[in-house]
Amino acid sequence: MKYTVLYNQSAGNSDSEKRAKQFKNTAENAQQTVELIGTTSREQAIDYVQKNIKNIETLVVVGGDGSLNTVFSALISLDNSPVIGILPGGTVNNFARAMNIPLDSKAATEVILHGRVVNADLLHTNQRAIVSSLTLGTIAEMAKGVRQEEKQRWGALAYLFNGAKKILTTKPASIVVKSNHQRYQFSTRFLLVTTTSSIGGFTKFDPEVDIDDHQIHITVLKRFSPWRLVGYFSYFITGQIRKLNDASYLKLEQANISSLDDEKVAVRIDGDEAGELPVNLYVKKQFIKIIVPESD
Numbered sequence: 002m003k004y005t006v007l008y009n010q011s012a013g014n015s016d017s018e019k020r021a022k023q024f025k026n027t028a029e030n031a032q033q034t035v036e037l038i039g040t041t042s043r044e045q046a047i048d049y050v051q052k053n054i055k056n057i058e059t060l061v062v063v064g065g066d067g068s069l070n071t072v073f074s075a076l077i078s079l080d081n082s083p084v085i086g087i088l089p090g091g092t093v094n095n096f097a098r099a100m101n102i103p104l105d106s107k108a109a110t111e112v113i114l115h116g117r118v119v120n121a122d123l124l125h126t127n128q129r130a131i132v133s134s135l136t137l138g139t140i141a142e143m144a145k146g147v148r149q150e151e152k153q154r155w156g157a158l159a160y161l162f163n164g165a166k167k168i169l170t171t172k173p174a175s176i177v178v179k180s181n182h183q184r185y186q187f188s189t190r191f192l193l194v195t196t197t198s199s200i201g202g203f204t205k206f207d208p209e210v211d212i213d214d215h216q217i218h219i220t221v222l223k224r225f226s227p228w229r230l231v232g233y234f235s236y237f238i239t240g241q242i243r244k245l246n247d248a249s250y251l252k253l254e255q256a257n258i259s260s261l262d263d264e265k266v267a268v269r270i271d272g273d274e275a276g277e278l279p280v281n282l283y284v285k286k287q288f289i290k291i292i293v294p295e296s297d
């Protein structure tokens, strides 16, 4: 077996290189072939994957949801996906958690070497994959203002604290969601598109989401009261968000999300800035091949 290990070697990511080298040592001791590929930008990583896809047997991605987003985005225009192993290294690691992949590097290495392969849907816009989530409106602004050290210290609570501040300075977004002949209109501060059951490190946000159900899962908070913010959060982390009377839940095969007026509505994908509305969402069914624990 040949493993191609892709990691970020830019400043501040020495831990990624360390994880990559540890994997190489372990795999080579097991008589496997390993090639380390360090990149310094998202563009460089996408270019490498697209140009070398025919020579990649198993691609090991070192990093979190952002690193996976880079690789998945490179695959949007391709006909096939290589087998992908994950060495989690991000702050939250929603996708790895949803796949029951250990966050410990040694345990994750064992999964890559001895696990089994499952097929997952690839949710994407025209240009960018969505590994874990797409957010817009106030919730997107919530993520924008959170510093890295705050995320490391407080986890998902950091977004809650920042969100309370954003609510006082922003207004609801007027949006339209279209799918085939269906049309849904909302005035909302909270729209979330999810691909897995894990959001913000909480693995039970939406237990009904499956990696290969071919659906786009959209949660919209139709009415919002700042006085109920803590209550909303409790529903969020316990997987009860659908039971909120204030929420709407959509399952669609494809979707167009646009602003109803001339207001600019910011979009974030997997925690990173991703432009503004409108966006088109598509599903490549069971396209991504992921190595998961054998016991799952």
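Numbering-wise (the working numbering), the sequence shown opens with residue 2 and increments by one. All residues carry an ideal CB built from backbone N, CA and C; glycine is no exception.
Which residue's Cα is closest to the Cα of residue 287: 53, 192 and 77? Cα-wise, what sits closest to residue 287 is 77.
Using three-state DSSP, classify residue 31 as helix, strand or coil. Coil at residue 31, not helix or strand.
Bounding residues of the beta strand (DSSP E) (the contiguous stretch that carries residue 67): Per DSSP, residue 67 belongs to no beta strand (DSSP E); it is in the alpha helix (DSSP H), 66-76.
Length of the line joining the Cα atoms of residue 41 and residue 58: Residue 41 and residue 58: Cα-Cα distance of roughly 22 Å.
My assumption, with CB atoms under 8 Å, is that residue 79 sits in contact with residue 51. Please give the rounded CB distance. Between the beta-carbon of residue 79 and that of residue 51 there is about 7 Å, and that keeps the pair under the 8 Å contact cut.
My understanding is that residue 96 touches residue 197, with C-beta atoms under 8 Å, so please give their C-beta distance in whole angstroms. Residue 96 to residue 197, Cβ: 6 Å. Contact.
Given that a residue counts as buried once 16 or more other Cβ atoms are within 10 Å of its Cβ, and exposed if not, what is residue 89? Buried is the call here.
Between the Cα of residue 273 and those of 67, 53, 87 and 212, spot the shortest distance and give me the residue it belongs to. Residue 67 is the option with its Cα nearest to residue 273.
Please report the straight-line C-alpha distance between residue 210 and residue 33, rounded to a whole angstrom. Spanning the two alpha carbons is a distance of roughly 35 Å.
In whole angstroms, give me the CA-to-CA distance for residue 83 and residue 120. Residue 83 and residue 120: Cα-Cα distance of roughly 11 Å.
Residues in the same chain with beta-carbon distance under 6 Å from residue 116, minus the five sequence neighbours each way, listed in chain order, please. Cβ within range, chain order: 292, 293, 294 and 295.
Following the continuous beta strand (DSSP E) through residue 206, name the residue where it begins and the one where it ends. No beta strand (DSSP E) contains residue 206, which DSSP labels as neither H nor E.
Output the distance between the C-alpha atoms of residue 94 and residue 22, rounded to the nearest integer angstrom. If you take the alpha carbons of residue 94 and residue 22, they lie about 20 Å apart.
Cβ-Cβ distance between residue 284 and residue 254 below 8 Å: For residue 284 and residue 254, yes; Cβs fall inside 8 Å.
Would you tell me roughly how many angstroms separate the C-alpha atoms of residue 111 and residue 130, rounded to the nearest one? Their backbone Cα atoms lie some 27 Å apart in a straight line.
Using the rule of at least 16 other Cβ atoms within 10 Å of the residue's Cβ for burial, across every protein chain shown, is residue 70 buried or exposed? With 16 or more neighbouring CB atoms inside 10 Å of its own CB, residue 70 falls in the buried class.
Could you tell me which of 91, 99 and 118 sits nearest to residue 106, measuring between CA atoms? Residue 106 has its Cα closest to that of 91, out of 91, 99 and 118.
Quick one, are the C-beta atoms of residue 260 and residue 175 less than 8 Å apart? Yes, the Cβ-Cβ distance between residue 260 and residue 175 is below 8 Å.
Please list, in chain order, all residues of the same chain as residue 3 whose beta carbon is under 6 Å from its beta carbon, the five residues on each side excluded. 34 and 58, listed in sequence order.
Could you give the first and the last residue of the continuous beta strand (DSSP E) run that contains residue 55? Secondary structure note for residue 55: it is in no beta strand (DSSP E), with a DSSP letter that is neither H nor E.
On the three-state DSSP scale, how would you describe residue 3? Residue 3 falls in the strand class under three-state DSSP.
Do you know how far the Cα of residue 103 is from the Cα of residue 263? Residue 263 and residue 103 have their C-alpha atoms roughly 45 Å apart.
Simplified DSSP state of residue 172, which is helix, strand or coil: DSSP places residue 172 outside both helix and strand once states are collapsed to three, so it counts as coil.
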